[in-house]
Every structure is written in structure tokens, then in C-alpha cells.
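>
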Amino acid sequence: MRILVIEDDKEAASYMVKGLSEHGHVADHVHDAESGLVMAESGYDVIVLDRMLPGMDGLQAAQNLRGNGFTTPILFLSALGEVDDRVTGLKAGGDDYLVKPFAFSELLARLEALARRRGEEPQTEILVGDLEINLLSRRVTRGGQRIELQPREFKLLEFLARHSDRVVTRTMLLENVWEYNFDPQTNVIDVHVSRLRSKIDKGFQLPLLHTVRGAGYRLSEKG
Amino acid sequence: MRSTAFRLALFYLLIFGVSSAGLLGFVFWRSAGFTAEQIDQTISAEVQGLHERYRLLGVPGLTQVVKERSNRQSQSLYYLVDRRGRRLAGNIDSWPTSNADQQDWIDFDYNHQVGDVAEQRRARAREIEISGGYRLLVGRDVQQRVALVELIQSAFWWAGFGIVGLGLLGGLFIGRQMLRRIDAMAAASAEIMSGNLNHRVPHDGTGDELDRLAQSLNSMLDRIEVLMNAVRQVSDNIAHDLRTPISRLRARAEVTLMGDPSLEACREALEKTLEEADALLSTFNALLDIARLEGGASGPRDPVNLNEVIADVVDLYEPVAEDAQITLEVLPAVGSTTVKGDRRLLSQAIANLVDNALKYTGSRGRVWLKAEQSGKQAILTIGDNGPGVPALERDRIFDRFVRLDSDRSKPGNGLGLSLVRAVAVMHGAELKVDDGHPGLVVSIILERASEVEVQ
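From first to last, the protein sequence lines are chains A and B. The numbering of the first sequence is our numbering, which starts it at 1 and goes up by one. The numbering of the second sequence is our numbering, which starts it at 1001 and goes up by one.
#1: Mind pulling the chain A residues with CB within less than 7 Å of B:R1344?
#2: My output table needs one value for B:V1441: the three-state DSSP class, helix, strand or coil.
#3: What whole-angstrom Cβ distance do A:N134 and A:E148 have, given they're in contact under 8 Å?
#4: Check whether the Cβ atoms of B:R1252 and B:A1239 lie closer than 7 Å to each other.
#5: Which runs of the alpha helix (DSSP H) at least 4 residues long sit entirely within the region 1349 to 1390 of chain B? Give them in chain order.
#6: Could you tell me the boundaries of the beta strand (DSSP E) in which B:W1157 lies?
#7: For the ligand SAM, is there any heavy atom lying closer than 6 Å to the beta carbon of B:Q1143?
#8: Got a sec, what are the start and stop residues for the beta strand (DSSP E) B:I1310 sits in?
#9: Under a three-way DSSP split, which group does A:R166 fall into?
#10: Is B:G1383 buried or exposed, if buried means 16 or more other CB atoms sit within 10 Å of its CB?
#11: Three-state secondary structure (DSSP) at B:D989?
#12: Would you mind stating whether B:M1185 and B:V1201 have Cβ atoms separated by less than 7 Å?
#13: Find the residues of chain B that neighbour A:V152, judging by a C-beta separation of less than 8 Å, and give them in chain order.
#14: Label B:G1175 either buried or exposed according to how many other C-beta atoms from any shown protein chain fall within 10 Å of its C-beta, with 16 as the threshold for buried.
#15: Going by other Cβ atoms of all chains shown within 10 Å of its Cβ, with 16 needed for buried, is B:I1224 buried or exposed?
#16: When the cut-off is 7 Å and only beta carbons count, does A:R166 lie next to chain B?
#17: Run through DSSP, which three-state label would B:D1289 get?
#18: For a cutoff of 7 Å on Cβ pairs, would you count A:R213 as touching chain B?
#19: Skipping 5 residues on each side, what residues in its chain have a beta carbon closer than 8 Å to that of A:I200?
#20: If you pair each beta-carbon of the region 1328 to 1335 of chain B with each one of the region 1285 to 1297 of chain B, do three or more pairs fall below 8 Å?
#21: Use the C-beta contact count for B:P1096: other C-beta atoms within 10 angstroms, 16 or more gives buried, fewer gives exposed.
#22: Measure the CB-CB distance between A:G36 and A:A61 and report whether it falls below 7 Å.
#23: At a Cβ threshold of 7 Å, is B:S1282 touching chain A?
#24: Mind checking which residues open and close the beta strand (DSSP E) that includes B:D1435?
#25: Quick check on DSSP: helix, strand or coil for B:Y1054?
#26: Mapping the DSSP letters down to three states, classify B:I1326 as helix, strand or coil.
#27: Beta-carbon separation of B:E1129 and B:R1121 under 7 Å?
#28: Which residue wins for smallest C-alpha separation from A:E34, given the options A:A27, A:H23 and A:D50?
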């Protein structure tokens, strides 16, 4: 994946670039919005954009990019974490919003989710290994066997499946499946996931729902 | 001169003065005019009469009448001369020297002799030509009128000066009064600015604008004091309760390095450090949120159906409860439970309460939630049958970082209930804690959204 990082904090940026490279991505880094706008022309899969930048700020840059017809997904980074700030960022053309400081795994998971979103048509069915999820009828079967899921469990599975083979963090699940923006102190998500896991993996040869240590979960055929 | 009060007084004085002068002038003009008209009418009537006489009796008859009338003691003046200017009759010395106007009216001075005293008096008369070259002057003494007019004029001037003088004095006086009150307020403000936050602006209870201003200022100061206390508390908390985990973090890093660690030991130390850093961050964020809410940050006030929010939270925590073998149930709603508030914050508050209840209720325990209408209010209740909280401690549990002795081993940052309180405060809701017999019952009492607002 080709990633453009627009961030004026040199140290933070270099850690990001290092981390992204170690995960097999190509990351370029610029310090300000003006250079970012120029660089964006060479075509990236996703852009990481800090809100606070010298000169033109991140919001303005995002608006410019959209105004110039760029549809590249943008992930905002910001120390400003109020709900209003989130909304402002998304309205300006951002696709996701991460509050600093953040776990690198969180950044990575969200970037991968954003990059793949392009060109994804709405599906009626998702297949992961021998797990079939019919989005219209809301039926789930594995190896031909019907699996009964409660509505919330189905929603959880759907999200994991839409991001199959990629890491999904707990925060992403909270935000998308339960629409919560706060951090519950207990491991509520873990319990929901292990419930789901017991329903879709128990009794089957191949485990599909994996826990990725320090990051989140992944629904995938591969380990 | 810079005083607003003084300028206002001056301005008012100007308006009042001009309108008074105008009115008085009008009165003067009308009354003076009236008397002048009267005199002229009297003279003209006399002229008519004398003309009749002349017609009937000719010049001799006229002369006779004029002589008679001249001898009478009255204000009227006569003078009759022949064509050569020789005096025939009359009661003034000589023909007036001033010239008559277009209508034959003359204003002149004449000599009035009373015994030894001779004075110049003012008169007004009409000049008439009679055939044969005779000329008759008929008039009246107007000295009184002139004197009256002069009197009124001088009175007006004096009054004018009086008005201006008194007005200026009054303005100065009022100005100074107001200035004194404002000075007092300014002095109080200076005192407050120099650091004495407890000081307040004086007000005298008269209820007027300055008084209300003083009261508003005092309310603002009260508010500022609350905010500053909140800030102070946060920094106290940060100092006290964040230092510990930070020191722990630091100590681990330092000690690990000192021990010339293996790769595995390094990895472990770094992982623990990461965990600790995350926990610190979440505590820090929670502290900020709480402080912001307590400081009166206002959020959205949309209609929120408490039952929906409860259902969502229970949905999230249900598996946790099940794993712990705790019954988590929602009791049926009573009445309308829609309130105006911030859905996100209310969710978080309820989640924190549920989280807390689940944490402290033992296995096979029970946690229940309920939302009910009570008149104009909506009451949200959460109860459990855990160990509960002793009556003495019930107020404390909502303070920051308070952990009752028995609970120090449980996970969490000790801020969950503080956030609940902050959310309640922000919504203007009452927070109550009662004994569950056994267990704990926490109620949040909010104002319901009216039916109109729900639409």
C-alpha cells in the first residue's frame, strides 16, 4: 500500500513511516500541507493528515484535495478529540479520525480498512473460507450448517467479514457496531467476540476468528 | 466632563432649556401681543368716536371734545393742531418727532409732568388728517406695558440663568453620585484582579441598573471561582494520582536497563510500559472529560429516549454479565422517559454505572435498570444486590480516584463514577445513592423533555 503521511512532528512521523514500512507498506512523509498537496498528485492509496500543520491546516488541505477531485481516503490525526472536532474533520472530507496519541496497531488497522474501501461494491454475500454470510437474508452458514446469531452478533460478524483478512481493533468495533466513542474500562468487546467465536468456530476444523495480540481481531482463513 | 451622567444631564438640560424658553417665549409673545392689540383697538375706537363728533359738529365740536377729554385723568393722549401747526387742544407738549408708519401709527416718547416730577414716558398714537389741514393725534400711554414687558424679559433672563446654573449643579451632583458607585465597583474589581477571588462587588439592593450589574458581576465571579476550583482539583489530581503510575513506569524502565537485560526481559518491560502508558492516557482523558463537564461545558440538548439508551448499554454488557453469572435485567418502563441531553454522555454514564455494578456484584447476583416517569421528571435507576456502600461513604464514591479499601484490587481508573456525576451535573440532574437492602441503588433524576420538544 502507498501511504502519504502529512505530519509536522518529525519524530512522530518517522515512527509512523518506520512502522508502516515494517508492515510492508511504502510510506512517504512531508511536513506541511502545501507539499502534501503537491505529492498527492503522484497517487496514493491512503493519506494520513495531521490537523495542526504550519501554514495551511489539515482541514483546509482536505478540502483542497476534495475540491481538486482527489478521492483518496484521508485519515485525520489530531490532539483535538471532541465529538465536534470529529464531525468537523469528517465534513471537511476526511474518512476517519484518530485522536493522538494512538496505538500504532490502531492506525495500521484503520489505514488498511480505508485503503480497501475503494472500489468495494455493496455485496449481498460475504465468504470467508467455508463461512457464508448472506447480507440480505441475514443467514449465516458454515460448511452448510446453519448458525443462529442474535442481531448484535450478526452485526459484529458482518463488520469483521467486511474487513476480512485485516486487523479490526476494539475501538473500531465499538465505534461501528455499537456506535460508542468512549473507552469502556472493562473488556466488553472481548467477551462479545469470544461469544461469537464460540458460535462460528467451535466444532469446526479451521478457526476463522483470530485474536491479534496488542491490536484486535481478524476474521480470516489464514492464521 | 467625561462623565456620562454629567453629559446626559447637560443634554437633558439643553432640551429642557430650549423647550422651556420656547414655551415661555410663546406665552410672552401672545400676552404682549394681546395687550398691544388691546391698546390699538382702544385707540382706534376712540378715533371712530371723535370722527363721529367731527362729522356732527365740525372742527369746533371736535376741539371741544378733545379739550374735555384732555382734561380728564386717563391714559389717553390727544393733540389737535391746525394747518399751521398751532395747538388747538391736547394733553401733550408737542407733536411727536418720530415718524408715523404706513398705517399712520406712531410710537414716541412724551414728557409727563406730575407736580415737580417730569418723566419721559412711552406712548403709542394714531395720526389723522382732517380736511382743512387739521391734524389729530389720538393715543395712549403705554409705559406700563413697556415696563411689564421689560419685567417679564428680565425675569426670563434670570430664570434662564437659574435653570442653567441649577442644571449644571444638579448634573455635577448626579454625576458624582454615579461616579462614586462606579468607582466602588471598579475598586472592587481591582481588588479581585489582584488575586483576592473571594471579594465581591458591593451592591446596595436598590435594584437599579448599576445594582443589577453588580449582581451579574458577582454571579460571574462565583462561576469563575467554581471553574478555578475545578481546574485546581484537576491539577491536584494529576499531581497526586498520575505521578504514581508515571513513577512506576519510569522505575520499571530504569531498573530493567540497570539489570543488563536480555531481549526477552526488554520485550516484557516494554510491553508492560505500553500497557501502563495506555492506562495513564485513559485516566488523563477521563480527568479532562470530567473537568470539562464540571466546568459547565454544554453539549447537545437533543431528545434522548432513556429506554433506548439503557437497551443499548445492556446489549453491550450482557455477555459480560452472563460470564460472571450475574443477572442483568431491564425492568419495564413507566410512562414517557424522553429527556433532553447528550446521548453519548448519557450512554457513557449508564455504561459506567453498569460496569461498576457488575464489577462489585458477586456471581449469581443481580443488576437491574429502570427508567420511569415521575411527574415532570424522568428517573433512571440502577440497582444491584452486591455488598453495597456504607452510608458514610456514599457521598465519597463519586469523588475522583476514590476506592473504598476493599476494592483497590479491581481494575479501572477510579474515575467511572466521577464521570457519572459530571454528566449528571451537566444535565442539571440530581444524583442519588441509596441502600439497596442489600446492595446499592443509584438514581439519576432528569427533567423530561416536554411532548412538544419530543416532536
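Just so it is clear, CB atoms sit at the ideal spot from N, CA and C, and this is done for glycine as well. Here the structure is a predicted model, which is why all the values come from computation and not from measurement.
Considering the structure as presented:
#1: Working through the second sequence from its first residue, we reach residue 1344 of chain B at position 344. Near B:R1344 (Cβ distances below 7 Å), the residues of chain A are V83 and N181.
#2: For the purposes of this step, residue 1441 of chain B is identified with residue 441 of the second sequence, where counting begins at 1. DSSP places B:V1441 in strand when its eight states are reduced to three.
#3: The residue you call residue 134 of chain A lines up with position 134 of the first sequence. The residue you call residue 148 of chain A lines up with position 148 of the first sequence. Not quite, the Cβ-Cβ distance comes to about 14 Å (not below 8 Å), so this is no contact.
#4: For the purposes of this step, residue 1252 of chain B is taken as residue 252 along the second sequence, with counting starting at 1. For the purposes of this step, residue 1239 of chain B is taken as residue 239 along the second sequence, with counting starting at 1. No, the Cβ-Cβ distance between B:R1252 and B:A1239 is not below 7 Å.
#5: Those alpha helix (DSSP H) runs which fall completely within the region 1349 to 1390 of chain B and span 4+ residues do not exist here.
#6: Translated into the one-based positions of the second sequence, residue 1157 of chain B becomes position 157. Counting along the chain, B:W1157 falls outside any beta strand (DSSP E), though it belongs to the alpha helix (DSSP H) covering Q1143 to M1193.
#7: As far as ligands go, the structure on display features none, and thus does not contain the ligand SAM.
#8: As a working mapping, residue 1310 of chain B is identified with position 310 in the second sequence. That residue, B:I1310, is in no beta strand (DSSP E); its alpha helix (DSSP H) goes L1306 to D1323.
#9: What you label residue 166 of chain A is simply residue 166 of the first sequence in a count that begins at 1. In the structure shown, A:R166 sits in coil (DSSP, three-state: anything other than H, G, I, E or B).
#10: Taking the second sequence and counting its residues from 1, the one referred to as residue 1383 of chain B is at position 383. When all chains shown are included, B:G1383 counts as buried.
#11: An answer regarding residue 989 of chain B cannot be provided, because it is not within the stretch 1001 to 1455 covered by chain B.
#12: On the second sequence, position 185 is the one that residue 1185 of chain B refers to. On the second sequence, position 201 is the one that residue 1201 of chain B refers to. Their beta carbons are under 7 Å apart, which means B:M1185 touches B:V1201 by this criterion.
#13: Sequence index remark: in the first sequence, residue 152 of chain A carries index 152 (1-based). For clarity, residue 152 of chain A is Arg in the given sequence; the question names Val instead. Those within 8 Å of A:R152 in chain B are D1315.
#14: Within the second sequence, numbered from 1, the residue matching residue 1175 of chain B stands at position 175. Result: buried.
#15: Residue 1224 of chain B sits at position 224 when you count from the first residue of the second sequence. So B:I1224 ends up on the exposed side.
#16: Taking the first sequence and counting its residues from 1, one reaches residue 166 of chain A at position 166. By this cut-off, A:R166 is not an interface position.
#17: Locating residue 1289 of chain B in the second sequence gives position 289, counting from the first residue. In this structure, B:D1289 counts as helix in the three-state DSSP scheme.
#18: Taking the first sequence and counting its residues from 1, one reaches residue 213 of chain A at position 213. No, A:R213 lies away from the interface with chain B (no Cβ there is under 7 Å from its Cβ).
#19: Residue 200 of chain A sits at position 200 when you count from the first residue of the first sequence. Closer than 8 Å at Cβ, skipping near neighbours: L131, V140, R142, I147, L157, L208 and L209.
#20: no
#21: Looking up residue 1096 of chain B in the second sequence gives position 96. B:P1096 is buried by the Cβ-count criterion.
#22: Counting from one through the first sequence, the residue named residue 36 of chain A turns up at place 36. Counting from one through the first sequence, the residue named residue 61 of chain A turns up at place 61. Taking 7 Å as the cut-off, the beta carbon of A:G36 is found closer than this to the beta carbon of A:A61.
#23: Mapped onto the second sequence, residue 1282 of chain B falls at position 282. Judged by the 7 Å Cβ criterion, B:S1282 is in contact with chain A.
#24: Walking along the second sequence from the start, residue 1435 of chain B turns up at place 435. From DSSP, the beta strand (DSSP E) with B:D1435 extends over E1430 to D1435.
#25: Along the second sequence, one-based indexing puts residue 1054 of chain B at 54. B:Y1054: helix per DSSP, three-state reduction.
#26: Mapped onto the second sequence, residue 1326 of chain B falls at position 326. B:I1326 sits in coil when the DSSP states are folded into three classes, being neither helix nor strand.
#27: To locate residue 1129 of chain B, count along the second sequence from 1; it is residue 129. To locate residue 1121 of chain B, count along the second sequence from 1; it is residue 121. It is not a contact, given that the beta carbons lie outside the stated cut-off.
#28: For the purposes of this step, residue 34 of chain A is taken as the residue at position 34 of the first sequence. Among A:A27, A:H23 and A:D50, the Cα nearest to that of A:E34 belongs to A:D50.
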